[in-house]
Amino acid sequence: MYSDDTVYVGLLVLSFLFSFLFRKVKHKNLKQWMSTIYGAIIVLTVSGLHIVHPIICTLVNSILIQIDKRRCHILSFLFTFGYLIFFRMTTYFGIPYPPAHTNLIQMMLTLKLVGLSFEVHDSYLIKLKQKDAKYDAETKFKIICQPSILEVFHYAFCYVGILTGPYFKYRTYWDLFNHNYWRKATYINLLIKKIRIIPTLIICYLATSWIFPLSEFKNDSFYTSTSLSYRLWYMYSSFFIFRTRLYLGFIFSELICIASGMGAYPEVTDPQSGSGPTRNFESLETEYSIKEEVYNFDCIESIDIMKVETVSTVRGATRIWNMTIQYWIAEYVYRRIPVKKLRTLVAFGISALWHGIYTGYYVSLCSVPFYLAVEDIYDRQYRNYADSAGKRILWTFFLYTMKMYQFSFWGCTFQLLHIDLIFKYCQSIYFLPYIVLITMYAISRFNNLRTS
């Protein structure tokens, strides 16, 4: 394993073990300071002097939400994403490039701070519209108390999710320290269930990354001495390694949340990833009467591996992939774009910007909306209206095959990063993913014209 991966896994394991100690502490202030101090230690350990970047971002955002609640969400979005771009271009300003793990921290911090500014702004609007009204349980839940500068730092540097996520709202963070949901939630069996998956993923990752290293794409012999079928197969292998590594990160991040108690809510409130409770908000006010078994940690669930692997469409997979981040993009980007036709493209564009400034992120993520438009035609017009079970199965198989084909290609371009490597690989496979997509669209258009 590479040294970066060793540090990454080591910190996740330590954070998981620390969570059991953290859970035993019942005093609110002590618990909060433990969370913040340990989080700051993680940031300092991996960042050194580069810890100044998270501190600057947190300080500026904490000031913005104090001085202008009406526009703080816009100001925070522009500043924090602008700073993220600067953070990735520091060498152009004579500043050393931050370590890789600091980049992960800055990415999660960006979501948390921008999300917090939206929570503050939305709370302000609710209070403005309902000045003299009596709030119902749902409205009470949506309104957050105005966090002080210190409380913003506590939230930003909370050790839970600081390295890998998942994203959780300030409201979820606040509930951990001000409610007893986590004390009554059963969690040991859930931890065991998730831990059981880890050995298989580690073996798959180590074995396949040794047999199919990503560095092979950089060797000239890969393009001159291998067949087209092998180069296409390597695309699938590369994506398999990529997603097993991500699965490990997702599972460890969920383990830390569950062990610490973060994201525990009554099951009757139907908690959703990232969002938290979505109904029956009255039960949150009667928490002491609720039994243990009706709590869950769905609020911090990042992924359902089995569903992601078996769902037949790209659209279906994107909805259950890194779900807390998907919630953030949907809630604070997609739904806020006034022009509906641009929402999907802008959402994937912001996602690419969040990931980095390398071309590979934009080639992969900004290609998805175009495929989704074509996939929807085949899913809604052909599979859904198939006149027999056999045809429906064939269409499902076709869509699943295309899903894995496109995801493997996008995963490959995502990892190659640089335009010259991406173009070289695309050229070696004769731009087949794009040709297939154009052909699918042309066939659908021809069939529509013929039937009309």
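Here this note's numbering runs 71 ahead of the position in the sequence shown, where the first position is 1.
We put the CB at the ideal spot given by N, CA and C, even for glycine.
Distance from Thr181 to Leu155 at the Cβ level is roughly 5 Å; contact confirmed, criterion being Cβ atoms closer than 8 Å. By the C-beta criterion, the region 195-209 is judged not to be in contact with the region 302-316, since fewer than 3 inter-stretch pairs fall below 8 Å. Two segments are said to touch when three or more pairs of C-beta atoms, one from each, lie closer than 8 Å; by this definition the region 468-475 touches the region 377-395. Cβ atoms of Thr235 and Tyr276 stay farther apart than 8 Å, at about 15 Å. Within the same chain, and ignoring the five residues on either side of Ile220 in sequence, the residues whose Cβ sits closer than 6 Å to its Cβ are Ser133.
Beta-bridge pairing by DSSP links Pro337 to Tyr366. Along the length of the region 194-224, whole alpha helix (DSSP H) runs at least 4 residues long occupy 208-213, reported in chain order. Taking each of Tyr429, Val191, Tyr79 in turn and checking the Cα distance to Val114, the smallest one comes out for Tyr79.
Judged by DSSP in its simplified three-state form, Gly110 adopts helix. Residue environment for Cys143: buried (at least 16 other C-beta atoms within 10 angstroms of its C-beta). Positions of the alpha helix (DSSP H) runs, each at least 4 residues long and wholly inside the region 259-320, are given as 259-266, 269-282, 291-295 in order along the chain.
Only buried fits Pro218, as 16 or more other CB atoms lie within 10 angstroms of its CB.
Taking a cut-off of 8 Å on C-beta distances, the region 260-276 does not touch the region 412-427, as fewer than three cross pairs fall below it.
Spatial neighbours of Leu416 in its own chain (CB-CB distance under 8 Å, excluding positions within 5 residues in sequence) are listed in chain order as Cys437, Pro440. Cβ-Cβ distances below 7 Å link Phe152 to Thr181, Leu424 in the same chain, with the five nearest sequence neighbours on each side left out; the list follows chain order. Rounded to whole angstroms, the Cβ separation of Ser354 and Thr340 is 6 Å, and the two are in contact under 8 Å. Relative to Gly119, the option among Tyr318, Phe87, His172 whose CA is nearest is His172.
Listed in chain order, the non-local C-beta contacts of Lys95 below 7 Å within the same chain number zero, local neighbours out to five positions each way being set aside.
Across the set Phe93, His192, Pro170, Val131, the C-alpha of His192 shows the shortest separation from the C-alpha of Arg141. Per DSSP, Ala460 is one residue of the alpha helix (DSSP H) stretching across 460-487. Here DSSP, grouped into helix, strand and coil, assigns Gly165 to coil.
Looking at Arg390, Leu487, Asp447, Gly81, the one whose alpha-carbon comes closest to that of Lys289 is Leu487. Counting along the chain, the unbroken alpha helix (DSSP H) around Gln498 starts and ends at 490-499. Between the region 453-471 and the region 183-191 there are fewer than three inter-stretch CB-CB distances shorter than 8 Å, so the stretches are not counted as touching. Residues of the same chain with a CB within less than 7 Å of the CB of Glu372, apart from the 5 flanking positions on each side, are Glu325, Ser344, Met394 in chain order. If you look at Leu135, you'll find it in the alpha helix (DSSP H) that goes 123-138. Under DSSP, Gln103 takes part in no beta bridge, so it has no partner. Nearest neighbour of Ile500 by Cα position, chosen from Ile514, Gly165, Met105, Thr297, turns out to be Thr297.
Taken through DSSP and simplified to helix, strand or coil, Gly347 comes out as strand. Using a Cβ distance threshold of 9 Å, Tyr238 and Ile396 count as a contacting pair. By the 16-neighbour rule on beta-carbons within 10 angstroms, Phe91 is exposed.
Secondary structure within the region 401-467: the alpha helix (DSSP H) runs of 4 or more consecutive residues, fully enclosed, are 414-426, 430-436, 439-448 (chain order).
Contact between the region 396-414 and the region 251-259 is absent: fewer than three C-beta pairs spanning the two stretches fall below 8 Å.
In the assembly as shown, Glu190 is a buried residue. Its beta-carbon has 16 or more other beta-carbons within 10 Å. Under the three-state reduction of DSSP, Glu372 is assigned to coil, being neither helix nor strand. Excluding residues up to 5 positions away in sequence, Thr161, Thr162 lie with their Cβ nearer than 7 Å to the Cβ of Tyr168 in the same chain.
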